[in-house]
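> Residue numbers (this note's numbering), protein chains in the order written: chain G, 7 to 124; chain E, 16 to 349. Note that CB positions come from ideal geometry on N, CA and C, so glycine has one too. Structure incoming, see below.
Structure below.
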């Protein structure tokens with residue numbers, strides 16, 4: 007089964023960077039998508055294996071997406087510059103692996119591996 | 016100070032001490048061993064709206080209708096201070112009837128009298144509420160700056176890794192990358208500038224400045240003034256840079272006789288911005304065989320970041336482009 011990952015990131019250039027990097031490592035990317043509304047719509051169509059979330063989407067926080075993922079038991083990581091994402095995005099982000107920003111290939115892959123239980 | 020106070024102070028040899036106490040800017044209390052107030056600074060009376068009559072000689076817990084009867088303060092005065100010589104900046108949060116919820120920093124020191132057994136205690140009370148509020152605001156601002164900076168690094172990283180390297184010399188790659196970086200820097204400068212300087216005219220002026228050596232080559236025809244939000248400035252700056260470099264490589268700006276006209280319109284009562292880019296006098300235009308990174312960057316930055324659209328028209332007598340983006344804070348799907 008192919009590994010699928012939902013990417014939520016509001017900056018296109020960063021989203022594309024994440025997408026190409028993960029595709030090189032055998033992931034199929036759902037999205038990327040820039041808004042909470044867009045992400046929730048994608049989740050209606052297909053549930054990914056894992057998700058990678060930017061916390062601050064410019065004009066909104068990613069929190070509702072994290073809540074929806076949790077309700078569906080889908081593990082997720084954040085990719086954010088915030089040291090304590092839960093301070094900004096709420097308790098649903100507490101203890102979640104942070105792949106960091108800007109993208110560091112090794113750290114990102116390690117965070118996703120952690121979600122898969124490796 | 017009334018005569019009773021003076022008498023009391025004289026009796027306890029503290030006349031000089033009171034003078035010192037009054038020079039302290041923060042509210043200050045001198046307590047005796049039974050925690051009654053021996054002396055208080057002027058600023059104590061002023062800050063807490065009490066008179067010396069109702070303060071001096073009273074047990075601290077009974078002052079001002081018991082407003083100092085705070086469990087944390089009791090613990091500090093009765094348990095902590097007797098065992099330590101001094102306590103510095105002990106934080107107490109409390110609802111003071113006259114002041115509301117405040118954060119107070121208490122600094123206390125025990126004074127042992129030379130005559131032996133008796134001791135008194137100096138307690139200064141600093142209202143740190145506003146300072147704390149400022150600290151929280153500063154932390155938030157710092158968090159935002161950090162977020163913005165890391166985002167910027169992410170964008171630069173992405174530009175570096177996706178600027179085409181195949182089939183180019185290192186110099187060509189470097190110039191293409193540095194051109195994009197320069198556009199990003201110009202846009203960031205504007206995004207952080209004062210509001211009146213972060214307009215569309217300023218953005219176009221600075222992004223297109225490198226191509227305006229010949230004053231007739233690039234003609235900006237200003238529409239009504241438009242102030243741009245920071246997230247729009249960055250994406251729009253990159254888009255305009257890509258269109259301009261394309262004109263330099265293949266379009267009107269590749270020949271001395273060519274001209275670019277840039278104009279804009281604000282539509283739907285300020286909700287939509289339409290920018291027009293029109294080239295003339297250049298070599299015959301051919302549609303690109305495959306869309307390169309630059310074209311994808313233009314399309315995606317407009318659609319994904321700006322929720323707008325771009326039309327690129329490779330008309331044979333001159334390339335032209337139209338960029339339509341929503342202005343204001345609401346995204347189009349809201």
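(1) Establish whether the CB of residue 62 (chain G) and some CB of chain E are separated by less than 8 Å.
(2) Bridge partners for residue 422 (chain E) per DSSP, in chain order?
(3) Roughly how many angstroms separate the alpha carbons of residue 82 (chain G) and residue 105 (chain G), rounded to a whole number?
(4) May I ask you to list the residues that DSSP assigns as paired with residue 54 (chain E)?
(5) Would you list, in chain order, the members of the stretch 305–318 of chain E that have their beta-carbon closer than 7 Å to a beta-carbon of chain G?
(6) Out of curiosity, what's the CA-to-CA distance linking residue 303 (chain E) and residue 340 (chain E)?
(7) From E:313, E:93, E:295, E:112, pick the residue whose C-alpha is nearest to that of residue 355 (chain E); which is it?
(8) Using three-state DSSP, classify residue 38 (chain E) as helix, strand or coil.
(9) Taking Cβ-Cβ distances below 8 Å as the criterion, which residues of the stretch 10–22 of chain G are in contact with chain E?
(10) Mind checking which residues open and close the alpha helix (DSSP H) that includes residue 295 (chain E)?
(11) Under 7 Å, CB to CB, which of the residues in the stretch 138–171 of chain E have a partner in chain G?
(12) Please classify residue 35 (chain E) as buried or exposed, where buried requires at least 16 neighbouring CB atoms within 10 angstroms.
(13) For residue 91 (chain G), does the three-state DSSP call read helix, strand or coil?
(14) Which residues in the same chain as residue 42 (chain G) place their Cβ atom closer than 6 Å to its Cβ, once the five residues preceding and following it in sequence are excluded?
(15) Just grab the DSSP bridge partners of residue 83 (chain E) for me.
(16) Output, in sequence order along the chain, the residues in the stretch 40–70 of chain G whose CB is closer than 8 Å to any CB in chain E.
(17) Jot down the residue ranges of each uninterrupted alpha helix (DSSP H) in the stretch 161–215 of chain E, minimum 4 residues, whole runs only, in chain order.
(18) So which residues of chain G does residue 246 (chain E) contact, with C-beta pairs closer than 9 Å?
(19) For my contact list, residue 59 (chain E) and residue 44 (chain E) are in at a C-beta cut-off of 8 Å; report their separation, rounded to the angstrom.
Taking the definition as stated:
(1) yes
(2) As displayed, chain E neither begins before 16 nor continues past 349, which places residue 422 (chain E) out of reach and without an answer.
(3) 10 Å
(4) E:45
(5) When CB distances to chain G are screened at a threshold of 7 Å, the residues of the stretch 305–318 of chain E falling below it are 315, 316, in chain order.
(6) 25 Å
(7) One cannot answer for residue 355 (chain E) here, as it falls past the ends of chain E, which runs 16 to 349.
(8) helix
(9) 16, 17, 18, 19, 20, 21, 22
(10) Element bounds for residue 295 (chain E): not the alpha helix (DSSP H) but the beta strand (DSSP E), 287–295.
(11) 158, 161, 162, 165, 166, 168, 169, 170
(12) exposed
(13) Residue 91 (chain G) sits in a helix when the DSSP states are folded into three classes.
(14) 66, 70, 71
(15) Per DSSP, none; premise fails for residue 83 (chain E).
(16) 40, 41, 43, 44, 62, 64, 65
(17) The stretch 161–215 of chain E contains these whole alpha helix (DSSP H) runs: 185–206.
(18) 16, 17, 64, 65
(19) With a Cβ gap of about 6 Å, residue 59 (chain E) and residue 44 (chain E) count as contacting.
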